[in-house]
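Heads up: the sequence lines are chains A and B, in that order.
Okay, so the first sequence: first residue is 0 according to numbering that gives the first Met the number 0, each after it adds one.
Okay, so the second sequence: first residue is 0 according to numbering that gives the first Met the number 0, each after it adds one.
The structure appears right after this line, and notes come after that.
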Amino acid sequence: MTAATDKPESSSRRAWLGSAAGVAAAGLGGAMLAPGIRLVELAQAATPASTAGASPKVRWGLLIDTTKCAGGCTDCVSACNTENGLNGGTRATDAQWIRKVEIKQVRTGRSASLPVMCQHCAEPPCVDVCPTGASFKRADGIVLVDRHTCIGCRYCMMACPYKARSFVHEDLRDQKPDVPRGKGCVESCTLCVHRLDRGERTTACAEACTKAGHGAIVFGDLNDEASEIARRVREVSSTQLRADLSLDPGVRYHGI
Amino acid sequence: MRQWLLMLGLLASGLVSAADEPGRTPRPVIERAAQGAQCVAPAAEMRRNHMDLLKHQRDDTVRGGIRGAKYSLKDCIDCHASKTTGSVAKTQDNFCVACHSYAAVTIDCFECHSAKPRSVAQQGSK
């Protein structure tokens with residue numbers, strides 16, 4: 000019969016019993032659970048040293064200066080691949096978070112080269128169409144896929160006017176600890192969210208572009224008037240891709 | 000009456016001894032953590048509730064961007080990766096797989112998440 004009494008209670012019932020006991024103790028003995036142990040000390044012990052999380056005051060964005068972006072240069076693409084553990088392939092079934100696009104105006108012959116990644120729209124169509132709520136926008140404007148809820152239906156890939164999202168077709172191994180990725184999920188540029196949450200203030204692509212001396216990608220907080228990106232956006236003319244769709248992307252381009 | 004009590008006693012002792020015996024399936028051998036003296040919670044609580052703790056915190060992390068809180072999968076792996084394989088899920092006796100195969104639980108954490116500690120994974124990729 001001892002076996003029957005040892006049967007585990009459900010955790011929610013335990014939690015309720017615990018809190019009920021706590022409330023009773025608080026009512027009777029000035030929040031003393033036992034001699035020397037008070038509720039406040041338990042609460043303080045349980046509070047972890049975690050980061051504050053995404054702030055709604057921030058709007059992360061990129062400014063890409065296409066006049067400085069050389070055709071054929073793929074420094075930002077390879078930095079992104081290394082940072083996020085992508086294989087670097089460009090087949091239809093390979094994940095590409097940044098694509099280098101060459102454009103040419105037919106009438107004048109003027110050409111430009113530009114990296115196109117997730118544009119981190121303020122009104123993201125991928126979020127609108129997602130049937131499971133896996134595609135979402137963070138408080139700081141970064142559009143992400145929650146792979147725990149993504150079912151791989153690829154509606155978001157259809158909805159995205161920038162072809163920014165990729166589907167993972169094959170089993171992956173040796174993923175980066177900071178960037179979990181797996182077969183059957185859709186994924187795209189995360190604006191190096193793992194770096195931002197650590198407190199770093201640059202993305203792999205912007206860092207590589209600056210380090211190589213091109214300086215064609217500026218990353219920063221568009222809402223912070225003192226930041227370099229806000230100053231540049233204020234001073235030079237820049238445009239959003241497919242601005243006619245009114246999606247208000249966080250990525251802006253100069254010189255196209 | 001006394002016979003009934005005796006039988007009840009025998010039955011109870013039988014139950015207890017049955018619970019202690021390993022049975023046909025050998026009990027999992029749980030590898031001790033390679034580093035770190037103390038887990039974030041007592042072992043009994045972790046064994047019963049780790050899945051709820053991880054699931055609760057994952058939503059805060061993915062959706063809210065809150066990192067470095069108490070119940071982090073990366074922190075689990077950093078301490079509990081095997082000394083021989085450097086992983087929590089590579090072979091049948093590694094930390095996560097040992098219990099999950101005994102309990103017939105199929106998890107897909109490591110289809111996406113790295114099963115290696117941060118130090119090992121970074122060395123391997125370079």
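We put the CB at the ideal spot given by N, CA and C, even for glycine.
For clarity, every value in this text was computed on a predicted model and none was experimentally measured.
- The criterion of a C-beta distance shorter than 7 Å is satisfied by residue 117(B) and residue 176(A).
- At a cut-off of 7 Å between beta carbons, residue 49(A) contacts chain B.
- Residue nearest to residue 93(B) within the set 38(B), 24(B), 23(B) and 32(B) is 32(B) (criterion: CA-CA distance).
- Taking the C-beta atoms as reference points, residue 61(B) is found no nearer than 7 Å to residue 196(A).
- Residues of the segment 157–180 of chain A with a C-beta less than 7 Å from any C-beta of chain B: 173, 174, 175, 176, 179 and 180, listed in chain order.
- Using a 10 angstroms sphere on the CB of residue 76(B), the tally of other CB atoms reaches 16 or more, which defines it as buried.
- Exposed is the label assigned to residue 28(B), since fewer than 16 other Cβ atoms lie within 10 Å of its Cβ.
- Residue 54(A) sits in coil when the DSSP states are folded into three classes, being neither helix nor strand.
- When rounded, the separation of the alpha-carbon atoms in residue 249(A) and residue 120(A) is 6 Å.
- When DSSP reads this structure, residue 112(A) sits in a beta bridge with 101(A).
- For residue 251(A), the enclosing beta strand (DSSP E) begins and ends at 250–253.
- In this model, residue 160(A) and residue 118(A) are separated by some 10 Å (Cα to Cα).
- For residue 61(B), a Cβ of chain A is located within less than 7 Å of the residue's own Cβ.
- Scanning its chain for C-beta atoms nearer than 7 Å, with the 5 sequence neighbours on each side dropped, one finds around residue 111(A) the residues 65, 102, 254 and 255, in chain order.
- The C-alpha of residue 132(A) lies about 14 Å from the C-alpha of residue 156(A).
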